[in-house]
Amino acid sequence: MESLFLQQTVNGVIVGSVYSLIAIGLTMVFGVMKISNFAHGDYSMLGAYVAVFMLGVFPGWLGWVGSMLAAAAGVGVIGLLSERLLFRPLLDRWTDIDIIMVSVGLFLLLENLAQLLFGATPRMIKDPFGGTTLNLVLVSTSVLRLFCLAFSCVAIALLQIFLTRTRLGVAIRATSQNRFAALLMGVDTTMVYALTFSVGVALAGIGGVLYGTLFAVFPTMGAMPTLKAFAVTIMGGMGSIRGAIFGGFILGIAETLGGNYISMDYKNAIGFVIIILVLLVRPRGLFGRKEGA
Amino acid sequence: MNPRVPIWLKWALGAAALIALPLVVRDRYFLHLLVTAGIFVLLASSWNLLAGYAGQLNLGHAAFYGIGAYTSAILATKLGITPWLGLFAGGFVSALFGLMLGVPSLRLSGPYLAITTIGFSEILRLVAMNWVQLTRGSLGLYGIPPFTPIRLGSWLEIQFRSEISCYYLLLVLVCASLVIFRRLIRSEFGLSLESLREDEIGAASIGVNISGYKLAVFTISAFFAGLAGAFFAHYQRLVSPDTLSLGETFTILTMTMLGGLGTLLGPVVGAVLLTFLSEGLRFLEDMVKLDVRMIIYGVLLIVTILFMRGGIVGLLNSLRGTGRAKD
Chain A
1 MESLFLQQTV NGVIVGSVYS LIAIGLTMVF GVMKISNFAH GDYSMLGAYV
51 AVFMLGVFPG WLGWVGSMLA AAAGVGVIGL LSERLLFRPL LDRWTDIDII
101 MVSVGLFLLL ENLAQLLFGA TPRMIKDPFG GTTLNLVLVS TSVLRLFCLA
151 FSCVAIALLQ IFLTRTRLGV AIRATSQNRF AALLMGVDTT MVYALTFSVG
201 VALAGIGGVL YGTLFAVFPT MGAMPTLKAF AVTIMGGMGS IRGAIFGGFI
251 LGIAETLGGN YISMDYKNAI GFVIIILVLL VRPRGLFGRK EGA
Chain B
1001 MNPRVPIWLK WALGAAALIA LPLVVRDRYF LHLLVTAGIF VLLASSWNLL
1051 AGYAGQLNLG HAAFYGIGAY TSAILATKLG ITPWLGLFAG GFVSALFGLM
1101 LGVPSLRLSG PYLAITTIGF SEILRLVAMN WVQLTRGSLG LYGIPPFTPI
1151 RLGSWLEIQF RSEISCYYLL LVLVCASLVI FRRLIRSEFG LSLESLREDE
1201 IGAASIGVNI SGYKLAVFTI SAFFAGLAGA FFAHYQRLVS PDTLSLGETF
1251 TILTMTMLGG LGTLLGPVVG AVLLTFLSEG LRFLEDMVKL DVRMIIYGVL
1301 LIVTILFMRG GIVGLLNSLR GTGRAKD
């Protein structure tokens, strides 16, 4: 009983770290550009397909790790393109409805194009460690899943360093806090927007490799990470990176425990129930700031 | 269109054309498409009232459609209640849920509201999938009775088993709903909704009861979507959790955006156009064996927002130079 609880918590932490990683991208894009991107998880889907194809050519752990870099680069470029073509034209006359609708259109487009190009059959990312499992005192987990946890934590840490220690990172944070003040200080906010969007979806791409490794890869898989990332982001307050990190782990643990103790059928509803409860109490999330603050 | 044609003549001609259409084109498949288009006209118009006029971005509209469909289907199959009562029961139950969803909307806006409404519809879809005793899960409810015949005297009985009779019934429902929408929009109620959309705080400061209007518009919008769902249940005679899917919501909103958000005619134009367009694409789908429809929807949605923000109706209005983008 206790060991089951611990086991599920560990599983939750692993899944939660991937949720955090994907959600950070979403919350960054929202924080800086005020874009709620409902296609965010589809960049994860693209990242997962990068891994599927990479591992087809380079099987083994090198291919798996390499596919994360390739996914970050490839998805980042696609992000750059979609920011330039779809979102930048909207930013000066934006309303929430326009931006959300464009992202919904992008979601429909990416998901169904992927179906056309890659076929609807789900694919698995092959375990490069041959399914080795580790037995720690009360819990057991595969090496692969531990590496998923490690890589998402590394990616999150690298992002933190980028945001706090580099000029570009500081420019992103400045723009997020106050766009006009940043502009007056000589920050090229247009460039910052493009960079933020591209980094945000690149994180989703890396997260997609991990998500696809934990679950399966198929063209419509993107909707789930999108909704999960929104749940996490809202829980933590949209725009708050720290909130997204906490929220990801909370959602991951709540889902695995809830799926185990309440009902497996409603596992995917748990995130929504949390969102609705959180929003009823705090309409801008747990760590959210008031608008314009 | 020649502006000198009197307005009542246009309406009369339009009505005559709609009444005569199934008598001229007797193809059952074509009629089925017309009925499908009619259901989407109701769905898109009711969504438009909420999103286009009141600015409340509801991304879970299919939930109301599903609630209406399941309510009427369950009433008819389990309790033997006549579909005529079920039709309105579907609307009312859906309206209750609309009121319920309206409550969080009092405090939420933009993306927060959008994600809450998605959550609402996904939770309901999971309930429809998993509450097997009531809904038969993913198999769906089948064997739903059609609308019972209406007896007019002893010699005339109208059956509702064929597409043509359902078409006329739906035509009445859609026209009545559109008349109600038009009156709502042209009234003080409509003006208040638009003030809500443009500037909530400003509206509140001049004494618009924003909470009341938000709750009212959610309830009304949900009622008409539920009505469409209940009609669908007795027309298709099969209801599955697919009616509550996000795909259905996205279809509804693509139709509205393409036709023209915040215009009375926009959703009508969009629903009819996309229903027929997606059928026209069937031959393409047979060739590539895949759902091309949603790709086209995605492209249409993006192109509409980037280049043609008022939709088709907005474009036509600006071409005619009437400058009345919001009719």
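Chains as they are written, first to last, in my numbering: chain A, 1 to 293; chain B, 1001 to 1327. Here a beta-carbon is modelled for each residue, glycine too, at the ideal position from N, C-alpha and C.
Bounding residues of the beta strand (DSSP E) (the contiguous stretch that carries A/T141): S140 to S142
C-beta atoms of B/F1231 and B/L1173 nearer than 8 Å: yes
Cβ of B/A1054 within 8 Å of any chain A Cβ: no
Proximal residues to A/F218 (C-beta, below 6 Å), its chain only, five neighbours per side dropped: P122
Residue-level contact to chain B via CB, A/P283, 8 Å cutoff: yes
Distance between A/I270 and A/F276 (C-alpha atoms, nearest Å): Per the sequence presented here, residue 276 of chain A reads as Ile, with Phe not at that position. Spanning the two alpha carbons is a distance of roughly 10 Å.
Interface flag, A/N135 vs chain B, CB-CB below 8 Å: no
For B/Y1142: DSSP bridge partner residues: B/L1238
Opening and closing residue of the alpha helix (DSSP H) in which A/T175 lies: R167 to Q177
Exposure label - A/N135; buried when at least 16 CB within 10 Å: exposed
Interface flag, B/R1107 vs chain A, CB-CB below 8 Å: yes
Where B/P1241 falls, given that 16 or more other Cβ within 10 Å makes a residue buried: buried
Residue from A/V75, A/G169 and A/L257 whose Cα sits closest to the Cα of A/A204: A/V75
CB of B/H1234 within 8 Å of CB of B/I1144, strictly: yes
Cutoff 8 Å: A/N310 Cβ touching any chain B Cβ: It is not possible to answer for residue 310 of chain A, since the shown part of chain A is limited to 1 through 293.
Cutoff 7 Å; reference A/F162; Cβ partners in own chain excluding five residues on either side: G169
Inter-residue spacing [alpha-carbon to alpha-carbon] between A/Y43 and B/L1075: 43 Å
Three-state secondary structure assigned by DSSP to A/R242: helix
Extent of the continuous beta strand (DSSP E) to which A/N135 belongs: T133 to N135
Buried or exposed by the 16-neighbour rule on C-beta atoms within 10 Å, applied to B/M1257: buried
Interface flag, B/Y1297 vs chain A, CB-CB below 8 Å: yes
Interface flag, B/F1250 vs chain A, CB-CB below 8 Å: yes
Residues that B/I1164 contacts on chain A, provided the C-beta gap is smaller than 7 Å: Ordered by position in chain A, no residue passes the 7 Å Cβ test against B/I1164, which lies about 34 Å from the chain.
Buried versus exposed, by CB contacts within 10 Å (16 or more), A/V281: exposed
Proximity winner among A/V13, A/L210, A/A194 and A/M124, relative to A/F30 (alpha-carbon distances): A/A194
Bounding residues of the alpha helix (DSSP H) (the contiguous stretch that carries A/T233): A223 to G236
C-alpha gap between A/M235 and A/V273, whole angstroms: 11 Å
Burial state of A/N178 (16 or more Cβ within 10 Å): exposed
8 Å Cβ cutoff met for A/I298 and A/I156: This structure cannot settle anything about residue 298 of chain A, because the visible part of chain A is limited to 1 through 293.
Validate contact between the segment 103-117 of chain A and the segment 1292-1300 of chain B using beta carbons, cut 8 Å, 3 pairs: yes
Partner residues on chain B for A/F272, Cβ-Cβ distance less than 7 Å: G1119, E1122 and I1123
Anticipated Cβ contact below 8 Å, B/F1064 with B/G1229, distance rounded: 7 Å
Beta-carbon proximity list for A/G248, same chain, < 6 Å, skipping 5 on both sides: G16, Y19, S20, A23 and V232
Check whether B/F1177 and B/L1042 have beta carbons under 8 Å apart: The sequence shown places Ser at residue 1177 of chain B, not Phe. A contact, by the Cβ cut-off of 8 Å.
Beta-carbon proximity check, A/L139 vs A/V10, cutoff 8 Å: Strictly speaking, residue 139 of chain A in this sequence is Val, with Leu absent from that position. Their beta carbons are under 8 Å apart, which means A/V139 touches A/V10 by this criterion.
Reduced DSSP category for B/V1292 - H, G, I as helix; E, B as strand; rest coil: coil
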